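Chains as they are written, first to last, in our numbering: chain A, 159 to 452; chain B, 166 to 426.
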């Protein structure tokens, strides 16, 4: 499971599975340990419970001061109390709005610009160095500029989120457009398909698996940058609640918010993967996956 | 002759757009009296006096040392923990939900958390970088070890190759393409955390200096800091790419021949 989530940019599921030249053998027996009857979810649950127990016991026996790390039960109590409060839901809505807006902007811009650049050999070679140059610039470098221009408004967060997420999408789309089968391209040209029809029936289906990988990467990055901006710039949202509760000494509430950000992150990851499977149900990589029962 | 010509053409293609963009910035900002967007000439002049002088050392060197220590520690821990987890199905199934959760926590929230434990000193910043960078390496190592060639695994077992030799000659090289994927993801996370931890609480470092310039409205200085961070990001990614090309040369060669067939 974790494997599919951490795939390199520029590659899609099917190709990674090959790892180091060992194609997954459909129907091959799973590796060691298949005989034991404990189902995977039960092991996972026991892992989670064990993790919670460690968090409960470590402060209780004084290994770590409860002022720094309250017992897990205390954090849970604080979490449920927060879930009843309006502060929490406002902060939650602020974070999710910044995340969603930033993601949509990056997706739209990345897809359109990617298709335009990717469809032309000249544009691709001309822009290659610029893209490779701008991409590694850390988006947090823009924090002071964002603060000066927009203060603690939503726009500050959007600048950071879009700058970080845009490149993820753009690079994937560029690879995707580049991957169009030359024979299919010639066929489309012979049949006199117009620009729009070419994008719709030729480029789009080829590019979609790459784009979905981009969506997955961008969704995770956008969340990180939304929260970063809330912590570093103090824009409204979950991140700001974390830094403020830390400054105010409300440690249990702070951990409650940290756990919430983690849960939001898990939901974003799982959601992106579910979306990918849904959108690409027709694609060989997904069908192979389903067939091999992994 | 034609080789030199094509080299010049390639250089032209690579440099054309960046040069055009910088020239555009230079020209449009030349007479600028906008407070927030000073002329590029002023920014570059500030850059040279500010960051290319010995005065820059107290801010740049601590940042880079903290980044390096945190990043390498995270890499070592991620690989060391990832190999046993990837090799054992039971361990993997037990730890998977916990790891998925820890990975999903946006790393910058660790800054306030670790301030509680470690104050605002170097330890906090290094710990933040370690905690943020370890998950991509760990999870990719797990995936890499899991995807090891089964036939080779049987061969290694048949020949009763010892534990260390197995690790060194089979597991590590086999998983290394995936491990490098994780290390590459960690690189950008590490730079973000280096800057954010210094912006949040510090007495030195590039992030600290950047925030100071912004708060005191030292705009050209602030722009020069942004450019410096950009250059550091680019330099680190180039170093990483060179290291990867060198260490994984065998792998890229293998892929090339596979594709050629």
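Just so you know, even glycine gets a beta-carbon here, dropped at the ideal spot from N, CA and C. Given the structure is predicted, the values throughout are model-derived calculations rather than measurements.
Boundaries of the alpha helix (DSSP H) around residue 251 of chain A: 244 to 277. Residue contact check for residue 236 of chain B against chain A: no CB pair falls below 8 Å.
At least 8 Å separates the CB of residue 243 of chain B from every CB of chain A. Proximity of chain A to residue 207 of chain B at the Cβ level (cut-off 9 Å) is not reached, the minimal Cβ distance being about 16 Å. The DSSP-derived three-state label of residue 393 of chain A is coil. A distance below 7 Å between beta-carbons, with the five flanking residues on each side excluded, links residue 378 of chain B to the following residues of its chain, in chain order: 386, 387 and 390.
In this model, residue 270 of chain A and residue 229 of chain B are separated by some 37 Å (Cα to Cα). Boundaries cannot be given for residue 339 of chain A, as no alpha helix (DSSP H) includes it and DSSP labels it neither H nor E.
With fewer than 16 neighbouring CB atoms inside 10 Å of its own CB, residue 425 of chain A falls in the exposed class.
Each residue's CA atom was taken as its position, placing residue 363 of chain A and residue 273 of chain A some 12 Å apart. When the five nearest sequence neighbours on each side are left out, the beta carbons in the same chain lying within less than 7 Å of the beta carbon of residue 250 of chain A are those of 396, in order along the chain. Taking the Cα of residue 339 of chain B as reference, the smallest distance to any Cα among B/349, B/417 and B/293 is reached at B/417. By the neighbour-count definition (other C-beta atoms within 10 Å, threshold 16), residue 279 of chain A is an exposed residue.
Separation of residue 366 of chain B and residue 386 of chain A (C-alpha to C-alpha, rounded to the nearest whole angstrom) is 14 Å. For the 8 Å CB-CB criterion, residue 438 of chain A and residue 367 of chain A form a contact. Taken through DSSP and simplified to helix, strand or coil, residue 369 of chain B comes out as coil. Here the segment 272 to 287 of chain B makes contact with the segment 374 to 394 of chain A; the two share three or more CB pairs at distances below 8 Å. For residue 214 of chain A and residue 429 of chain A, the gap between their C-alpha atoms comes out near 30 Å.
Looking at the backbone, the Cα of residue 258 of chain B and that of residue 314 of chain B are separated by about 20 Å. In terms of Cα proximity to residue 182 of chain B, the closest of A/260, A/404 and A/288 is A/288. With a threshold of 8 Å between beta carbons, residue 264 of chain A makes no contact with chain B. Taking 8 Å as the upper bound for CB-CB distance, residue 190 of chain B and residue 180 of chain B are not in contact here, some 15 Å apart. Only residues of its own chain outside the window of five on either side were considered, and among them 240 have a CB closer than 7 Å to the CB of residue 246 of chain A, listed in chain order.
Within the same chain, and ignoring the five residues on either side of residue 357 of chain B in sequence, no residue has its Cβ closer than 6 Å to its Cβ.
Counting C-beta pairs closer than 8 Å gives three or more between the segment 345 to 364 of chain B and the segment 237 to 257 of chain B, which meets the contact rule.
Residue environment analysis places residue 252 of chain A among the buried positions, since at least 16 neighbouring C-beta atoms fall within 10 angstroms of its C-beta.
For residue 417 of chain B, the enclosing alpha helix (DSSP H) starts and ends at 414 to 425.
The DSSP assignment places 315 to 323 and 328 to 331 as complete runs of the alpha helix (DSSP H) inside the segment 300 to 352 of chain B, in order along the chain (cut-off: 4 residues). The three-state secondary structure of residue 349 of chain A, taken from DSSP, is coil. Scanning its chain for C-beta atoms nearer than 7 Å, with the 5 sequence neighbours on each side dropped, one finds around residue 377 of chain A the residues 261, 426 and 430, in chain order. Here residue 399 of chain A has 249 and 415 as same chain residues with Cβ atoms under 6 Å from its own Cβ, once five neighbours each way along the sequence are excluded.
Going by beta carbons, residue 304 of chain A and residue 364 of chain B fall outside the 8 Å limit. If you look at residue 441 of chain A, you'll find it isn't in any alpha helix (DSSP H); DSSP assigns it neither H nor E. When 8 Å is used as the limit between beta carbons, residue 295 of chain A is near these residues of chain B: 394, 395, 398 and 399, in chain order. Fewer than three pairs of CB atoms, one per stretch, sit closer than 8 Å, so the segment 320 to 339 of chain A makes no contact with the segment 404 to 412 of chain B.
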